[in-house]
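Visitor:
In my numbering, the protein residues as written are 5 to 605.
Shown next, in the form of structure tokens:
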């Protein structure tokens, strides 16, 4: 305890298989029957009369979170990341450092000799908040819902998409989700008994157990979901199986959680209630922190301008907590009727012209964004780093037919919030390349819709985003900005419109639409996207640690050379935390911390 989140990670050169498996959660589990205990998931202190610890039976945490519209972990939304903190509990959870897993609903598990079959043994005392037992069939039914085609793409980086991460590797899942198969028996999910769940993989995946901590893999009380399809998320209908249950939920406003007395490990839950105030991520600097400074909330994430102000205040500076190099700020190419950015030379010029060292200084805790995987990702290598070269950038523009930037349409950056980083990029393009550039700030809902659409002929550019995930190469190469993403983004605008039209055709059989989309991708996607997909597929089957790492690095390098997405800055994450709060275990993962270990003095 007390170490940074990645003190236990060893450098990849010379890493042993045992070290790799330990980090991936496999060592000590291969023979089954092993029950792990995680110091990160159990409370300390003396038990009180109510069975809680630390702050006593009436301890309340007041916290601030970004706006939550839905409480469905199977869609990429803000809500999935608060559910995974302890409202819904999966088979396993991450340890304090985020480098391994510890038992949750599954008290132990067995792994077959070929590492393709995982048999999880569920706790007999695990219950839902309504008193129903948590059984293996709950997981199977939930995963069947996750893998049932719904028109939402999977494993992307776009809000509203299906949240399943393709690199999880469950047998037959992607084919079923794409509509290519309607036979549920072909999917590697089976519940032989109430307390036994069997998951099969397509290929061995040393990161599988950690992948199970993603919100997509959380169970739902499917009886309620199916009986109340429109109202299951509304209290008192929402049924939880984690340390906390949902007492009240007003979308985009507030969320009140209460200790789940039916939770299997309730004696280790100190807090009796968590009051979550929801704040729009685009709120003006200074307004988000007002409740904290007025002692109306105890814990909240804070943005750049407020971080600078906190750092300058002697008292507030002591209450500032940071996760170093947590996420990646990136630009993604927008599809357009105008083909200017379909020329890789133009995209490359726009990327390598940037002075990322200066851009890093725009954000507190920022660092130059040298590649899409940041250097805290296990296995990262400097071979992925972009090299700034303004002279080459100008030469590339000239070769593409835009000497001195002349003739290139105004390059816009679409964003859902005001961002000093976006403004700085625009300034650099204008001053260093002499091109016209502009920030296009729109309402969040418009942003989500526009970045997936084909822009009109007078509009070319990128959308701005930030993303983070499990800091492993399989996640940052195979799931975030995945081969499927690169293939889609490499399609000409007119072809992408055909893809959108197929999605919009509700009369077409999903299987037929899937085949037609696959044919378009095969014919029109870039050679680089196909090479990347092949390398990721090889990496997923490779059991030798160093060979596997090299394959992922090659795939990442191919992706970088496409410049369809490119990193501009690596970002830290900051929280204001009152001294009376203990047990906060910040991890480099989008849910940041679990509720269960928290105490309020």
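Just so it is clear, CB atoms sit at the ideal spot from N, CA and C, and this is done for glycine as well.
(1) Run through the DSSP bridge pairs and tell me what residue 108 is partnered with.
(2) Rounded to a whole number of angstroms, what is the C-alpha to C-alpha distance between residue 550 and residue 474?
(3) Let's test the definition: count the other Cβ atoms within 10 Å of the Cβ of residue 516 and tell me whether it reaches 16, buried, or not, exposed.
(4) Looking at the unbroken beta strand (DSSP E) that takes in residue 252, where does it start and where does it end?
(5) CA-CA distance, residue 172 and residue 441?
(6) For the candidate residues 480, 164, 477 and 364, whose alpha-carbon lies nearest to that of residue 427?
(7) List in chain order: all unbroken alpha helix (DSSP H) runs of 4+ residues lying wholly within the stretch 434 to 459.
(8) Out of 543, 546, 472 and 509, point me to the one whose CA is closest to residue 574's CA.
(9) Leaving aside the five residues before and after residue 108 along the sequence, list all residues of the same chain whose C-beta is less than 7 Å from its C-beta, in chain order.
(10) Ordered along the chain, which non-local residues of its own chain (more than five positions away) have a Cβ less than 7 Å from that of residue 454?
(11) Should residue 543 and residue 556 be called a contact, given that it needs their Cβ atoms to be closer than 8 Å?
(12) Rounded to a whole number of angstroms, what is the C-alpha to C-alpha distance between residue 589 and residue 486?
(13) Are there 16 or more other CB atoms within 10 angstroms of the CB of residue 102, so buried, or fewer, so exposed?
(14) Taking the alpha helix (DSSP H) that residue 227 belongs to, which residues open and close that run?
(15) Look up residue 188 in the DSSP assignment and say whether it is helix, strand or coil.
(16) Looking at the strands, I want to know which residues DSSP matches up with residue 394.
(17) Compare the Cα-Cα distances from residue 325 to each of 317, 316, 311 and 414 and report the closest residue.
(18) Taking the beta strand (DSSP E) that residue 328 belongs to, which residues open and close that run?
(19) Going by the beta-carbon positions, is the gap between residue 136 and residue 226 smaller than 8 Å?
(20) I'd like to confirm the pairing. Which residues does DSSP put opposite residue 279 in its beta bridges?
(21) For a quick check, are the C-beta atoms of residue 580 and residue 327 less than 8 Å apart?
(22) Where does residue 483 land, buried or exposed, given buried means 16+ other C-beta within 10 angstroms?
(23) Helix, strand or coil for residue 387, going by three-state DSSP, please let me know.
(24) State buried or exposed for residue 602, treating a residue as buried only when at least 16 other CB atoms are found within 10 Å of its CB.
(25) Hey, quick one: how far does the alpha helix (DSSP H) through residue 545 stretch, first residue to last?
(26) Taking the alpha-carbon of residue 416 as reference, which of 269, 67 and 342 has the nearest alpha-carbon?
(27) Cβ of residue 129 within 8 Å of Cβ of residue 236?
(28) On the DSSP letters alone, give me the boundaries of the alpha helix (DSSP H) that residue 220 sits inside.
(29) Can you name, in chain order, every residue of its own chain whose Cβ lies under 8 Å from the Cβ of residue 434, other than the five neighbours on each side?
(30) So, for residue 394: in the same chain, excluding its five sequence neighbours on each side, which residues have a beta-carbon less than 7 Å away from its beta-carbon?
(31) Could you name the residues of the same chain whose beta carbon sits closer than 6 Å to that of residue 2, not counting the 5 residues immediately before and after it, in chain order?
(32) Can you give me the start and stop residues for the beta strand (DSSP E) that residue 418 sits inside?
(33) When you compare the CB positions of residue 248 and residue 83, do they come within less than 8 Å of one another, or not?
(34) From this set, 127, 273, 151 and 120, which residue's C-alpha is nearest residue 587's C-alpha?
(35) Considering residue 98, what are the terminal residues of the beta strand (DSSP E) in which it resides?
(36) Please report the distance separating the alpha-carbon of residue 266 from that of residue 177.
Guide: In this structure, then:
(1) The residue labelled residue 108 in the question sits at position 104 within the chain shown. Answer is none; residue 108 lacks a bridge partner.
(2) On the chain shown, residue 550 is found 546 positions in, with the first residue counted as 1. On the chain shown, residue 474 is found 470 positions in, with the first residue counted as 1. Distance between the alpha carbons of residue 550 and residue 474: 20 Å.
(3) Stepping through the chain shown from its first residue, residue 516 is reached at position 512. The residue in question, residue 516, is exposed, as its Cβ has fewer than 16 Cβ neighbours within 10 Å.
(4) As a working note, residue 252 is residue 248 in the chain shown. 248 to 254 is the extent of the beta strand (DSSP E) around residue 252.
(5) To locate residue 172, count along the chain shown from 1; it is residue 168. To locate residue 441, count along the chain shown from 1; it is residue 437. About 39 Å.
(6) Here residue 427 corresponds to residue number 423 of the chain shown, with the count starting at 1. It is 364 whose Cα lies nearest to the Cα of residue 427.
(7) 448 to 454
(8) Here residue 574 refers to the residue found at position 570 when the chain shown is read from its first residue. Per the Cα distances, 472.
(9) Reading the chain shown from its first residue, position 104 is the one you call residue 108. Closer than 7 Å at the Cβ level, and outside the excluded window around residue 108, lie 93, 94, 95, 96 and 97.
(10) Position 450 of the chain shown, counted from the start, is the residue given in the question as residue 454. Excluding residues within five positions, the ones whose Cβ falls inside 7 Å are 418 and 446.
(11) Sequence index remark: in the chain shown, residue 543 carries index 539 (1-based). Sequence index remark: in the chain shown, residue 556 carries index 552 (1-based). A contact, by the Cβ cut-off of 8 Å.
(12) For the purposes of this step, residue 589 is taken as residue 585 along the chain shown, with counting starting at 1. For the purposes of this step, residue 486 is taken as residue 482 along the chain shown, with counting starting at 1. For residue 589 and residue 486, the distance between alpha carbons rounds to 29 Å.
(13) Reading the chain shown from its first residue, position 98 is the one you call residue 102. That one is buried.
(14) As a first step, residue 227 is located in the chain shown; it is residue number 223 there, counting from the start. First-last of the alpha helix (DSSP H) with residue 227: 226 to 231.
(15) Working through the chain shown from its first residue, we reach residue 188 at position 184. In the structure shown, residue 188 sits in a helix (DSSP, three-state: H, G or I).
(16) Taking the chain shown and counting its residues from 1, one reaches residue 394 at position 390. Per DSSP, none; premise fails for residue 394.
(17) On the chain shown, residue 325 is found 321 positions in, with the first residue counted as 1. The candidate whose alpha carbon is nearest that of residue 325 is 311.
(18) For the purposes of this step, residue 328 is identified with residue 324 of the chain shown, where counting begins at 1. Its beta strand (DSSP E) spans residues 324 to 337.
(19) Along the chain shown, read from residue 1 onward, the residue named residue 136 stands at position 132. Along the chain shown, read from residue 1 onward, the residue named residue 226 stands at position 222. Their beta carbons are not under 8 Å apart, which means residue 136 does not touch residue 226 by this criterion.
(20) By 1-based counting over the chain shown, the position of residue 279 is 275. DSSP, once it has assigned bridges, lists 66 and 260 as partnering residue 279.
(21) Position 576 of the chain shown, counting from 1, holds the residue named residue 580. Position 323 of the chain shown, counting from 1, holds the residue named residue 327. No, they are not a contact pair.
(22) Walking along the chain shown from the start, residue 483 turns up at place 479. That one is buried.
(23) Against the chain shown, residue 387 aligns to sequence position 383. Of the three classes helix, strand and coil, the one that applies to residue 387 here is helix, per DSSP.
(24) Reading the chain shown from its first residue, position 598 is the one you call residue 602. So residue 602 counts as buried.
(25) Locating residue 545 in the chain shown gives position 541, counting from the first residue. Run containing residue 545: 531 to 545, per the alpha helix (DSSP H) assignment.
(26) Numbered from 1 along the chain shown, position 412 holds the residue referred to as residue 416. Cα-wise, what sits closest to residue 416 is 342.
(27) Position 125 of the chain shown, counted from the start, is the residue given in the question as residue 129. Position 232 of the chain shown, counted from the start, is the residue given in the question as residue 236. Contact: no.
(28) Locating residue 220 in the chain shown gives position 216, counting from the first residue. Segment: none, residue 220 is in no alpha helix (DSSP H) and carries neither H nor E.
(29) Within the chain shown, numbered from 1, the residue matching residue 434 stands at position 430. 440 and 441, listed in sequence order.
(30) On the chain shown, residue 394 is found 390 positions in, with the first residue counted as 1. Cβ within range, chain order: 357 and 436.
(31) For the chain, the structure presents residues 5 to 605; residue 2 sits outside this window and is missing.
(32) To locate residue 418, count along the chain shown from 1; it is residue 414. Looking at the DSSP string, the run of the beta strand (DSSP E) that includes residue 418 is 415 to 419.
(33) As a position in the chain shown, residue 248 is number 244, starting the count at 1. As a position in the chain shown, residue 83 is number 79, starting the count at 1. Not closer than 8 Å, so no.
(34) On the chain shown, position 583 is the one that residue 587 refers to. Comparing Cα positions, the closest option is 273.
(35) Sequence index remark: in the chain shown, residue 98 carries index 94 (1-based). Taken as a continuous stretch (DSSP letters only), the beta strand (DSSP E) holding residue 98 covers 96 to 98.
(36) Indexing the chain shown from 1 puts residue 266 at position 262. Indexing the chain shown from 1 puts residue 177 at position 173. If you take the alpha carbons of residue 266 and residue 177, they lie about 32 Å apart.
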